[in-house]
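Q: Reading the sequence shown from the start, the letters are residues 61 to 1043 in this note's numbering.
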Amino acid sequence: MSHSGNDMDPQSSSDSEQSVDGVPEFEYKIDWSPETTAGKLCNLLDEISLACKKLRPGYKPREEAWTKTEDDLRQQLKDTPKTMVAVVGVTGAGKSSMMNAVLGCNIVPTSGMQACTAVATEISYHAENTIEGDVSFLSRDEWQDELAFLRDDLKASLEKDAAKPGIEEAGSSISAVYPSVTQDQFMALKDTEINDLDPRITNILGSTVHISADTPESFLAEMCQYVHSSGGDRRRKERRVGEQGRNVGASGALWPLIRHVKVRSNAMALATGVILVDLPGVADANAARNLIAKQYMKKCDKVWIVAPIIRAADQKDTDFLLVETLKKLVTQMKMDGTYDEDAITFIVTKCDDVSCSEVIASLDDDALAELDLIENEQTNCKAEIHAQSQIQTTAAASMKDMNSQLRKTQRKLKALLSGRDASTVQQSSKEPVVDMEPQVNTLQPLKDSKKRESNEEGPPSKRQKKADEIVDRRLVEVKVAPQDSINTCKDMIKDIETSLSMQQKLWYSTAERLDLLQRKTFTLQRKKIIFCSLQRNEITRTRLIAMFRATLKSLADASMDPVNLALERNDHGLGTDYSAITLPIFMCSSRDYVRITGQIEGDGEPVCFENVEDTGIPDIQQWCHALTIGARSQAVADLLIDIETHALSVQDYAQVVTSVTPEVLSVFRKKWNQDCPENSEEVFGVAQQLLTDFKPVVRNCVKRLQDVFQGTLGDVCATGAVLAVEIAEDVLTNFYETKMKSRWQTFRAALRRHGCWKHDLNDDLSYPFTSHIASTWAGVFETDLFASFGEDITERIRAKMAEIEASAPCGLKDAVKVQGERAVKEANATVQKILRRARLAINKEQKEISRSLSPQIQTRLTPGYDEASAIQGRGSVAAQQTSFREFLEENKEEIFQDVADVVVRRLSTAAEAVGVILNTAVAELAEKIELSVALLWEGPTDNMQMTTRKQVIQDMSTIVDKLRKLSDQDSNEEEPGDMKVED
61 MSHSGNDMDP QSSSDSEQSV DGVPEFEYKI DWSPETTAGK LCNLLDEISL ACKKLRPGYK
121 PREEAWTKTE DDLRQQLKDT PKTMVAVVGV TGAGKSSMMN AVLGCNIVPT SGMQACTAVA
181 TEISYHAENT IEGDVSFLSR DEWQDELAFL RDDLKASLEK DAAKPGIEEA GSSISAVYPS
241 VTQDQFMALK DTEINDLDPR ITNILGSTVH ISADTPESFL AEMCQYVHSS GGDRRRKERR
301 VGEQGRNVGA SGALWPLIRH VKVRSNAMAL ATGVILVDLP GVADANAARN LIAKQYMKKC
361 DKVWIVAPII RAADQKDTDF LLVETLKKLV TQMKMDGTYD EDAITFIVTK CDDVSCSEVI
421 ASLDDDALAE LDLIENEQTN CKAEIHAQSQ IQTTAAASMK DMNSQLRKTQ RKLKALLSGR
481 DASTVQQSSK EPVVDMEPQV NTLQPLKDSK KRESNEEGPP SKRQKKADEI VDRRLVEVKV
541 APQDSINTCK DMIKDIETSL SMQQKLWYST AERLDLLQRK TFTLQRKKII FCSLQRNEIT
601 RTRLIAMFRA TLKSLADASM DPVNLALERN DHGLGTDYSA ITLPIFMCSS RDYVRITGQI
661 EGDGEPVCFE NVEDTGIPDI QQWCHALTIG ARSQAVADLL IDIETHALSV QDYAQVVTSV
721 TPEVLSVFRK KWNQDCPENS EEVFGVAQQL LTDFKPVVRN CVKRLQDVFQ GTLGDVCATG
781 AVLAVEIAED VLTNFYETKM KSRWQTFRAA LRRHGCWKHD LNDDLSYPFT SHIASTWAGV
841 FETDLFASFG EDITERIRAK MAEIEASAPC GLKDAVKVQG ERAVKEANAT VQKILRRARL
901 AINKEQKEIS RSLSPQIQTR LTPGYDEASA IQGRGSVAAQ QTSFREFLEE NKEEIFQDVA
961 DVVVRRLSTA AEAVGVILNT AVAELAEKIE LSVALLWEGP TDNMQMTTRK QVIQDMSTIV
1021 DKLRKLSDQD SNEEEPGDMK VED
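#1: Report the rounded CA-to-CA distance for Pro923 versus Ala930, giving the unit in angstroms.
#2: Would you mind giving the Cβ-Cβ distance between Cys592 and Cys416, rounded to the nearest angstrom? I have them listed as a contact below 8 Å.
#3: Taking a contact to mean a Cβ-Cβ separation below 8 Å, would you say Ala781 touches Val959 in this structure?
#4: Are Ser650 and Ser157 close, meaning C-beta to C-beta below 8 Å?
#5: If you draw a straight line from the C-alpha of Leu26 to the C-alpha of Ala883, how long is it?
#6: Could you check where the beta strand (DSSP E) with Tyr185 kicks off and where it finishes?
#7: Please classify Glu206 as buried or exposed, where buried requires at least 16 other C-beta atoms within 10 Å of its C-beta.
#8: Go ahead and pull the three-state DSSP assignment for Thr170.
#9: Can you tell me which of the three DSSP states His819 falls into?
#10: Cα separation between Leu476 and Asn463?
#11: Starting from Met861, trace the alpha helix (DSSP H) in both directions and tell me its first and last residue.
#12: For Cys441 and Thr581, I'd like the C-alpha separation in whole angstroms.
#13: Is it buried or exposed for Ser910, if we count other Cβ within 10 angstroms and need 16 for buried?
#14: Could you give the C-beta distance for Phe728 and Leu845, rounded to a whole number, given that I count them as a contact under 8 Å?
#15: Does DSSP classify Arg512 as helix, strand or coil?
#16: Buried or exposed for Leu1023, going by 16 or more other Cβ atoms inside 10 Å?
#17: Are Leu811 and Ala928 touching if we call contact CB-CB under 8 Å?
#18: By the three-class DSSP mapping on this structure, what secondary structure does Pro34 have?
#19: Taking the alpha carbon of Thr843 as the point to measure from, which residue in Asp823, Arg899 and Pro117 has its own alpha carbon closest?
#20: Thinking C-alpha only, which one of Leu991, Thr143, Glu444 and Glu661 is nearest Thr398?
#21: Would the region 386–394 count as touching the region 601–612 if we require 3 or more Cβ pairs under 8 Å?
#22: On the premise that Leu604 lies in contact with Ala372, defined as a C-beta separation below 8 Å, what is that separation, rounded to the nearest angstrom?
#23: Would a C-beta distance cut-off of 8 Å place Glu192 and Val337 closer than the cut-off?
#24: For the alpha helix (DSSP H) containing Val162, name the first residue and the last one.
#25: Check whether the region 355–367 touches the region 705–719, taking contact to mean three or more Cβ pairs, one atom from each stretch, closer than 8 Å.
#26: Return helix, strand or coil for Thr890, following the three-state DSSP convention.
#27: Assuming Ile434 and Lys587 are in contact, meaning their beta carbons sit under 8 Å apart, how far apart are those beta carbons, in whole angstroms?
#28: I need the straight-line Cα distance from Pro915 to Ser267, nearest angstrom please.
#29: Please state the DSSP three-state secondary structure of Arg319.
#30: When the Cα atoms are used, what is the spatial distance from His632 to Ile833?
#31: Of the choices Ile680, Glu670 and Val237, whose alpha-carbon is the least far from that of Val145?
#32: Does DSSP put Asp194 in a helix, in a strand, or in coil?
#33: Count Cβ pairs between the region 147–164 and the region 636–655 that sit closer than 8 Å; are there 3 or more?
#34: Just how far apart, CA to CA, sit Val269 and Leu198?
#35: Ordered along the chain, which non-local residues of its own chain (more than five positions away) have a Cβ less than 6 Å from that of Leu576?
#36: How many angstroms separate the CA atom of Val963 from the CA atom of Lys763?
Right, here's the structure in full:
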């Protein structure tokens, strides 16, 4: 339910886990995966390698080529594709708790540990049973820079006594690292003196601490020594006296010094290549950590946005999350070339926190009808509880009367047996009697309750007096001999006990029924809570998807121009169908998942959900595998092609046997072999001739790329720069009024950090530019920029093979034709690999350039930041704002035009870099083709080689058949959502 609905359902977890005693087991393995195919490929590669050794080719280039190919293929087998996911969200969103639940163990520090929200934490898979971690610390220079910022912040804050928030922000890191140093002492110390305060701090700067543990508990305990925010507080009493007599240098906390953390565990959710990166918000207070967070965002392939259900379900917060966050995120991912249907995932946490009364107001008629069934059951249950309680109360009253009668009769009987006057027993008898009346208003059995009667009876009640009078009257009326009176008492006692027993049975049966009804009441209330929670999940999902679609539509409308309009149209001339766009959304309760599965001992009972599937965590675990299936399947498909190509080349070598005389072969070889005579101006060898033919193709490809970049993107970048100039001052005003929230300390801190403090002004200023060019930019890079390159290369190869065939002697023409066709086929596979390399290279440059816009703007605004920051004294904040605004007004046209020009120049340079890669790749291709042609003049040296070749031909045919069956099997295998899971 947590990620279902008609909008998006990447995985179904209904059959994804086996249960033992009702508790799902998380330790599982995927029954089918690309990894199983990769294992088979490794075995086939071993067989090919053995065949190559048997053939013993005498041609050295061929031996080297085979060896290099095998090494490359084995490296491909080792390099499992990775999918890096950035996990982002506001403080308190439950990111760390969600990740711990997904991992199946608590290894990520959660709330209360300051650094867990301040540093990037990368979590990846390894097959070891231990949990490994690396805590990297800031370098000495980075810490010095941070101390300089903190000193400036404190200095500015101390100028105004009322500026407590600013002082706290500036001093929190200092007091944590140097807990015994006061703010005044810190301001008085020099940098060298600060470094000498604590040798432990000085020595750890620039280092990396490795942590290894066998259990999550011990790992987290070790990690907390470095990341716990109270580390400094625990040591505040550890003081030493400095050389000048002041108390300084107590051993403090280390969390402000942490650069980033890397963790490796055998969590099965990560086994297929997902790397989760728990990221703090960008514009971190620490410049070094801020840079690392931005670098991670650049490297990440996917983004998970995490928000608590209370915030995600609120209309205003939903608007903020999607419109503000998603607009920038989608724009940047389009610029990076990483945006697709599963690029962004929304994870809503704390779904166990629900108020039924608030949810009911939002339910539709169908949901209300279903809820009415539950509430009707509750009403019926309450009515029956009331009725049963009445029966129990009546039974208890009857038992009380009977007990009173029984006690009176027992006293009369005792008096008769002792020979005393029975009429005097009421006042004189103090002996205890058996009380057979259970406690009223209790559901516990009689044997578990204390007897209410004591040896010292109090005054008789009215009901008891009445019962005694009845017994006295009955005894008086029976005027018989004492023995008859005794028998009459015994009969009365027997009758009373029989009636009392019946009332007791009625009371206990009613008590048992009430107990069942109370349990049913609890179950129905839990059912109502679960129903309301799941209904709220669906309502929130619908709202989030609607807002997401509206956000994409607004982005498209904002950047619409003739070029974008053409890209927006599909083959039918219609615009994008936004109603078909989906957003992967997961609703989860980490707390209930952990409690249901017993992940943390003694954590209590779940507060909402009863089934682990309803917590949504299993769906997120499956989603981790789904995110990587594309990359893993592509990697295995590439391996299948490459190994088959290698097997066919070995087979070709073994098959080619010509009947041409050695003399004729020698003449043919001299023309096409790579060995050329000295001082010859003629180009010899197939490889050199092909390379000569390939170079113009590469130059033309680079030129086409530059023309596309300069023409299409150059124009739209120029327009984007004009737009950014027009609204730059509005962006700055919004930054002053909303982002800084009129706090002068925050504004000054932003100036000192060149616009990047809690929020990045440079990103805000660059956003109009990037949002305008994003659609066109993405459209250009989504087109096949290298299609004509592949066609031209293949055409050159065919032409060269035709030339070789034309020059072949008569007895060799058929063999040359066959080998030429094989060479072209092998070359086509290699060309596809070259094109993949070229696309990866251009996409890397695309991301690098797109992420450089904000830093470029920051660099050009640095003089303005510094000039404004230098203004001090009364009224300086207003003067600083005016100074920076004037600088922006004077320089904005030049700044944004320069940024646009730099983007185009970098694109041109990127095209040239791709040209270098292509030249290297086609040179390797030319060598491969020459090796393929060289088969024509290589032959077996003896009869034993002939026998070996025949065996190798059979072996390679078998291997190729196996490879093709594997390829068909992988393409027809079950979808990721149908993955079966076993213990």
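Beta carbons: idealized from backbone N, C-alpha and C, even for Gly.
A: Walking through what the data contain:
#1: As a first step, residue 923 must be located in the sequence shown, where it is residue number 863. As a first step, residue 930 must be located in the sequence shown, where it is residue number 870. Rounded to whole angstroms, Pro923 to Ala930 spans 11 Å at the Cα level.
#2: In the sequence shown, residue 592 corresponds to position 532, counting from 1. In the sequence shown, residue 416 corresponds to position 356, counting from 1. Correct: roughly 4 Å between the Cβ atoms.
#3: Position 721 of the sequence shown, counted from the start, is the residue given in the question as residue 781. Position 899 of the sequence shown, counted from the start, is the residue given in the question as residue 959. Yes, they are a contact pair.
#4: Residue mapping note: residue 650 aligns to position 590 of the sequence shown, counting from 1. Residue mapping note: residue 157 aligns to position 97 of the sequence shown, counting from 1. Closer than 8 Å, so yes.
#5: Nothing in the structure corresponds to residue 26, since the chain is present only between 61 and 1043.
#6: As a position in the sequence shown, residue 185 is number 125, starting the count at 1. Segment Ala180 to Tyr185, the beta strand (DSSP E) holding Tyr185.
#7: Locating residue 206 in the sequence shown gives position 146, counting from the first residue. When all chains shown are included, Glu206 counts as buried.
#8: Position 110 of the sequence shown, counted from the first residue, corresponds to residue 170. Thr170 falls in the coil class under three-state DSSP.
#9: The residue labelled residue 819 in the question sits at position 759 within the sequence shown. In this structure, His819 counts as strand in the three-state DSSP scheme.
#10: Position 416 of the sequence shown holds residue 476. Position 403 of the sequence shown holds residue 463. Looking at the two C-alpha atoms, the distance is approximately 20 Å.
#11: Position 801 of the sequence shown, counted from the start, is the residue given in the question as residue 861. Counting along the chain, the alpha helix (DSSP H) containing Met861 begins and ends at Ala847 to Ser867.
#12: Numbered from its first residue, the sequence shown carries residue 441 at position 381. Numbered from its first residue, the sequence shown carries residue 581 at position 521. The straight-line gap from Cα to Cα measures roughly 7 Å.
#13: Along the sequence shown, read from residue 1 onward, the residue named residue 910 stands at position 850. With 16 or more Cβ atoms within 10 Å of its Cβ, Ser910 is classed as buried.
#14: What you label residue 728 is simply residue 668 of the sequence shown in a count that begins at 1. What you label residue 845 is simply residue 785 of the sequence shown in a count that begins at 1. Going by Cβ atoms, the distance from Phe728 to Leu845 rounds to 39 Å, so no, they are not a contact pair.
#15: In the sequence shown, residue 512 corresponds to position 452, counting from 1. Bear in mind that the predicted position of Arg512 carries a pLDDT of just 38, short of 50, making it unreliable; the figure below should be weighed with that in mind. Reduced to three states, the DSSP call for Arg512 is coil.
#16: Here residue 1023 refers to the residue found at position 963 when the sequence shown is read from its first residue. So Leu1023 counts as buried.
#17: One-based indexing of the sequence shown puts residue 811 at position 751. One-based indexing of the sequence shown puts residue 928 at position 868. Yes, the pair counts as a contact, with Cβ atoms nearer than the cut-off.
#18: With the chain covering 61 to 1043 only, the question about residue 34 has no answer from this structure.
#19: Looking up residue 843 in the sequence shown gives position 783. Considering only alpha carbons, the answer is Arg899.
#20: Reading the sequence shown from its first residue, position 338 is the one you call residue 398. Closest by alpha carbon: Thr143.
#21: yes
#22: Working through the sequence shown from its first residue, we reach residue 372 at position 312. Working through the sequence shown from its first residue, we reach residue 604 at position 544. At roughly 7 Å, the Cβ-Cβ gap stays under 8 Å, so Ala372 and Leu604 are in contact.
#23: Start at 1 with the first residue of the sequence shown, and residue 192 comes out as number 132. Start at 1 with the first residue of the sequence shown, and residue 337 comes out as number 277. No, they are not a contact pair.
#24: Taking the sequence shown and counting its residues from 1, the one referred to as residue 162 is at position 102. Unbroken alpha helix (DSSP H) run through Val162: Lys155 to Leu163.
#25: no
#26: Along the sequence shown, one-based indexing puts residue 890 at 830. Reduced to three states, the DSSP call for Thr890 is helix.
#27: As a working note, residue 434 is residue 374 in the sequence shown. As a working note, residue 587 is residue 527 in the sequence shown. At roughly 6 Å, the Cβ-Cβ gap stays under 8 Å, so Ile434 and Lys587 are in contact.
#28: As a first step, residue 915 is located in the sequence shown; it is residue number 855 there, counting from the start. As a first step, residue 267 is located in the sequence shown; it is residue number 207 there, counting from the start. C-alpha separation (whole angstroms): 28 Å.
#29: The sequence position of residue 319 within the sequence shown is 259, counting from 1. In this structure, Arg319 counts as strand in the three-state DSSP scheme.
#30: Locating residue 632 in the sequence shown gives position 572, counting from the first residue. Locating residue 833 in the sequence shown gives position 773, counting from the first residue. Because the pLDDT of His632 is 37, which lies under 50, any placement of that residue in the model is unreliable, and the number read from its coordinates should be weighed accordingly. Near 25 Å, if we compare the C-alpha coordinates of Ile833 and His632.
#31: On the sequence shown, residue 145 is found 85 positions in, with the first residue counted as 1. Nearest of Ile680, Glu670 and Val237 to Val145, Cα basis: Ile680.
#32: Along the sequence shown, one-based indexing puts residue 194 at 134. If DSSP states are grouped into helix, strand and coil, Asp194 belongs with the strands.
#33: yes
#34: Residue numbering aside, residue 269 sits at position 209 when the sequence shown is read from its first letter. Residue numbering aside, residue 198 sits at position 138 when the sequence shown is read from its first letter. Each residue's alpha carbon lies about 12 Å from the other.
#35: As a working mapping, residue 576 is identified with position 516 in the sequence shown. Result list for Leu576: empty, nothing under 6 Å.
#36: In the sequence shown, counting from the first residue as 1, residue 963 sits at position 903. In the sequence shown, counting from the first residue as 1, residue 763 sits at position 703. Their backbone Cα atoms lie some 17 Å apart in a straight line.
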